[in-house]
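If you're matching positions, the sequence shown starts at 12 in this note's numbering and goes up one per residue.
Don't be surprised by glycine CBs; every beta carbon is placed ideally from N, CA and C.
Fair warning: this is a prediction, and the values are worked out from it, not measured in the lab.
To start, the structure under review is shown below, and the notes come after it.
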Amino acid sequence: MPDYSIVSTLVLDVGYLEWNPAGRRTVVLVHGWPDCPEGWTKVAERLAGVGYRILCPALRGFGPTRFRDSNTPRSGQLSALGRDLLEFVDALGLVGPILVGHDWGARAAANACGLRSGAASYLVLLSVGYGTNDPNQTLTYAQARNYWYHWFMATSRGQRAVEQDRRAFTRMMWDTWSPAGWYTQQDYDQAAEAFDNPDWAAIVLHSYRHRWAYAPGDPFYAADDARLNPAPVLSVPTLVLHGNADACNHPDSSEGKEGFFSGPYRRILLGGVGHFPQREAPQDVADAIARFCSLAS
12 MPDYSIVSTL VLDVGYLEWN PAGRRTVVLV HGWPDCPEGW TKVAERLAGV GYRILCPALR
72 GFGPTRFRDS NTPRSGQLSA LGRDLLEFVD ALGLVGPILV GHDWGARAAA NACGLRSGAA
132 SYLVLLSVGY GTNDPNQTLT YAQARNYWYH WFMATSRGQR AVEQDRRAFT RMMWDTWSPA
192 GWYTQQDYDQ AAEAFDNPDW AAIVLHSYRH RWAYAPGDPF YAADDARLNP APVLSVPTLV
252 LHGNADACNH PDSSEGKEGF FSGPYRRILL GGVGHFPQRE APQDVADAIA RFCSLAS
């Protein structure tokens, strides 16, 4: 496992892991919630083994990533995640990387592409359907039930859980979003270390409250919010990987999104896989990424 490096952007000092620095093409793997960059390790190792350079940044509020200014609002709004990713790419001088994201990371990667044409040469989204950032979106009652934790975090009781009992709270997600037996205690403990970031609770609470219009956004990202709603059509070749046993974002939530993409687009359902495909089926995920990026060339 490589050690974390740090790169400074406008807002953040971003911690990131790197494999195969001399790789011929760069893949940026962005983790979700509640997870950490190390969750990509097996995917990263497999892709690095076939020649890719791999970068895995820690999102704002996670792991070693820190805000550069103590006065910066601890916003978790989804446009900010997209802007953070663009600034990370720019800080490292990357040109046309492959952007791969899971959960929050998928929203960050898609939003980065929505904010800047040519931000990525390929886009891969895990466990998230595009065009689902609108607080006025239609939800099935089954999906609303899956999102119980969103509504819970809008309450004072939920706030206390995030601030004071984050391990038990996030462990609930790991235990219920995928078929039983998919992770070890060591896997969870490693991820939970990333939640000890001093800004984690504030970022998490704001993210879920803002996306349903329960909290105002940081005005710094107002123009980005406006550009991303309604969701722009993306021209970047895009692959969606979704577990058919995902009990967080129902597989149907990523279905029928072809109209949002003007370039090559493919969606693959992974049998018996829940919400964390990069952990549950890393070989299948890595192979699907490599294959799509070759076929779509």
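Here's the rule I'm using: 16 or more other beta-carbon atoms within 10 Å means buried, otherwise exposed. How should residue i be labelled?
i           : result
residue 308 : Residue confidence is low: residue 308 scores 48 on pLDDT, short of 50, so the model does not pin down where it sits. Its coordinate-derived value is still stated next. Residue 308 should be labelled exposed.
residue 81  : exposed
residue 222 : buried
residue 291 : buried
residue 51  : buried
residue 156 : exposed
residue 171 : exposed
residue 90  : buried
residue 45  : buried
residue 209 : exposed
residue 61  : exposed
residue 35  : exposed
residue 159 : exposed
Output needed for residue i: all residues of its chain with C-beta closer than 6 Å, excluding positions within five of it in sequence on either side, in chain order.
i           : result
residue 219 : 161, 164
residue 48  : 28, 42, 67, 69
residue 278 : 251
residue 249 : 134, 272, 276
residue 193 : 291
residue 178 : 203
residue 174 : 212
In chain order, what residues of the same chain lie with their CB nearer than 7 Å to the CB of residue i, ignoring the 5 residues before and after it?
i           : result
residue 288 : 137, 138, 252, 254, 281, 296
residue 199 : 182, 185
From residue i to residue j, what does the alpha carbon distance come to, in whole angstroms?
i           : j           : result
residue 55  : residue 115 : 18 Å
residue 169 : residue 128 : 38 Å
residue 33  : residue 65  : 10 Å
residue 226 : residue 217 : 7 Å
residue 102 : residue 302 : 28 Å
residue 77  : residue 131 : 25 Å
residue 150 : residue 261 : 11 Å
residue 265 : residue 141 : 7 Å
residue 241 : residue 135 : 20 Å
residue 121 : residue 113 : 11 Å
residue 304 : residue 298 : 10 Å
residue 92  : residue 294 : 27 Å
residue 26  : residue 94  : 16 Å
residue 83  : residue 203 : 24 Å
residue 22  : residue 71  : 10 Å
residue 213 : residue 87  : 8 Å
residue 106 : residue 100 : 8 Å
residue 20  : residue 257 : 34 Å
residue 75  : residue 17  : 8 Å
residue 154 : residue 263 : 9 Å
Within 7 Å (strictly less), CB to CB, does residue i reach chain D?
i          : result
residue 47 : Going by chain labels, chain D is absent from the structure shown, which holds only one protein chain.
Hey, could you find the ends of the beta strand (DSSP E) residue i is sitting in?
i           : result
residue 291 : Residue 291 -> not in any beta strand (DSSP E); alpha helix (DSSP H) instead, spanning 288-291.
From which residue to which residue does the alpha helix (DSSP H) around residue i run?
i           : result
residue 19  : That residue, residue 19, is in no alpha helix (DSSP H); its beta strand (DSSP E) goes 16-19.
residue 26  : Residue 26 -> not in any alpha helix (DSSP H); beta strand (DSSP E) instead, spanning 23-30.
residue 187 : 177-187
In its own chain, which residues sit with a C-beta less than 8 Å from the C-beta of residue i, not counting the 5 before and 5 after it?
i          : result
residue 97 : 123, 126, 127, 130
Check your understanding: Which parts of the stretch 51-118 are runs of the alpha helix (DSSP H), unbroken and 4 residues or longer, counting only runs that do not cross its ends?
Key -> 52-60, 89-102
**Study point:** Completely contained beta strand (DSSP E) runs for the stretch 193-256, where each covers 3 or more residues
**Key:** 249-254
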